[in-house]
Every structure is written in structure tokens, then in C-alpha cells.
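Residue numbers (the numbering used here), protein chains in the order written: chain U, 1 to 116; chain D, 1001 to 1112.
Every residue gets a Cβ at the ideal spot worked out from N, C-alpha and C, and that includes glycine.
To keep things clear, I will list the structure first and then write my remarks on it.
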């Protein structure tokens, strides 16, 4: 199956700074990557869909100017949390999903972001 | 929209059998997934159902009833390492989207 590598696995940053999270597809050219956020004991909430070479599609309620997504190549998508605040502290996960038949989602390792 | 409901937490004894239920309401249906997620890690795929019935895979089985909007994940011969959160995810058919919606997960605690 597809292998998705996400980096960093955890990061602590000061309030007001920006953090970049990378998600790489290691054995599959991913034209689409999905970004999720998960708060403790909550479900995975889709934040945005990243499309190679075009603008990302954001879910309702997600600020596109705060969560910048770049998908410049078929193997790399990045999520930048700008001007981070403590309420942005969460677990961020990227995923590849082809959506065909019984193909499941392949997830990155996730990034634990703590804003202090 | 989609609504997925599963119990928040369950406990079971090592070696026993446990059934985790999931009910859903969706606009269209195009498959149901179960994932296992250990704390601080990404979810890993367990099973997929799109037709009614039981799918068995080793110690894990998953059942689906589309008419009832119901699924369960059955774990047999429980091991301590099975302590994790189990996520039910449903792929609807709204607008051609193939992105599944995840439930909140059921935290399973296996004790000796």
C-alpha cells in the first residue's frame, strides 16, 4: 500500500510563531492529499483537501489564511499553521485516499503540535 | 450530512471477545471502514464493508447492515496490545465525494 511520511512527529512552538508540517508520498504520486485535525478524544476532522498545482479546498469553519496549504509537487504537501495560538494545539494528520472501491486511507504518522 | 455514533469507551478482559457498535445516518452510502488508532499515532486500517454481512480477518471481524445503518467490529481473543481507539468511518455518496467521515472513536481498554 501507499506509504505516507509526515514530519515532524511533534513540535512545541511559542504563541504567535508559525509551524510547517510536511507530508510526503513515498511510493505513490498523490495528486490529492487530505489534512485532518484531531483534538483529544475527538474524531478526525477534515480541514482541507490539498490539490497538486492548484488551490486547496477548505472545509467550512477552517481559516484558509491561518492554515496555509501548499502542494507544489506530486509527492509533497505542506500545512503551515500561521500565528499559532494555544487553541491550535492538536494532532494534525495527512492522508492519501484514492476513494476507489475498498481502498482505504493511508495516513502519515501525525504531528502533535503544542503551542505555549 | 453524515452522523456517526459509537460508544465512547469499553473495557474487556484479556482473552475475551468484545463487540464495538457503530450506527450511522448518511446521504448515500459507499462503504464503511474500521480503523485502529493507538494514542499519539495515526489510524491503521482494519476492515472495509460495502455489502451486508460479515467480513472476517483473523481475530477481527466486521459486520454491516445497510438497511439498519449499523455496523460492528468484533475482536476475539483479546490481547493487551488491542487497547486502542477504534474509529468507524463512513463514505457517503454526497456530491461524488469519496472522503469518509469519522466517528469519535471507541476507546477500548483491555485488562488482565
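Own chain, CB closer than 7 angstroms to residue 1018 of chain D, minus 5 neighbours either side, in chain order: Around residue 1018 of chain D: 1010, 1012, 1075, 1078, 1108.
Near-chain D residues of the stretch 103-115 of chain U - C-beta to any C-beta below 9 angstroms: Of all residues in the stretch 103-115 of chain U, 103, 104, 105, 106, 107, 108, 109, 110, 112 have a Cβ within less than 9 angstroms of some Cβ in chain D.
Nearest-angstrom Cα separation, counted from residue 39 of chain U out to residue 45 of chain U: So the alpha carbons of these two residues sit roughly 9 angstroms apart.
Residues that residue 1041 of chain D contacts on chain U, provided the C-beta gap is smaller than 8 angstroms: What residue 1041 of chain D touches in chain U: 109, 110.
Strand pairing of residue 1005 of chain D, partner residues [DSSP]: Looking at the DSSP assignment, residue 1005 of chain D forms a beta bridge with D:1023.
Residues near residue 1023 of chain D by beta carbon distance below 7 angstroms, same chain, minus five either side: Within the same chain, residue 1023 of chain D has close Cβ partners 1005, 1069, 1070.
Straight-line Cα distance separating residue 1100 of chain D from residue 1015 of chain D: Residue 1015 of chain D and residue 1100 of chain D have their C-alpha atoms some 32 angstroms from each other.
Where the beta strand (DSSP E) containing residue 1111 of chain D begins and where it ends: Counting along the chain, the beta strand (DSSP E) containing residue 1111 of chain D begins and ends at 1106-1111.
Amino acids of chain D, ordered along the chain, whose beta-carbon sits closer than 7 angstroms to that of residue 46 of chain U: The contacting residues are 1099.
Any C-beta of chain D under 7 angstroms from that of residue 93 of chain U: Yes, residue 93 of chain U counts as interfacial toward chain D.
Same chain, Cβ closer than 8 angstroms to residue 1072 of chain D, five either side skipped, listed in chain order: So the qualifying residues of the chain are 1019, 1020, 1021, 1022, 1062, 1063.
Neighbourhood of residue 97 of chain U by C-beta distance below 8 angstroms, restricted to the same chain and skipping five residues each side: Around residue 97 of chain U: 32, 34, 103, 104, 105, 106.
Under 7 angstroms between C-beta atoms of residue 114 of chain U and residue 12 of chain U: Against a cut-off of 7 angstroms, the Cβ pair of residue 12 of chain U and residue 114 of chain U comes out as a contact.
Reference residue 61 of chain U; option with closest CA among U:91, U:93, U:76, U:48: Taking only the C-alpha atoms, the option nearest residue 61 of chain U is U:48.
Interfacial residues, the stretch 65-88 of chain U to chain D, with Cβ spacing under 9 angstroms: Hits within the stretch: zero.
Burial state of residue 1038 of chain D, where buried means 16 or more other Cβ atoms lie within 10 Å: The residue in question, residue 1038 of chain D, is exposed, as its Cβ has fewer than 16 Cβ neighbours within 10 Å.
Alpha carbon of residue 1088 of chain D to alpha carbon of residue 110 of chain U, nearest angstrom: Looking at the two C-alpha atoms, the distance is approximately 19 angstroms.
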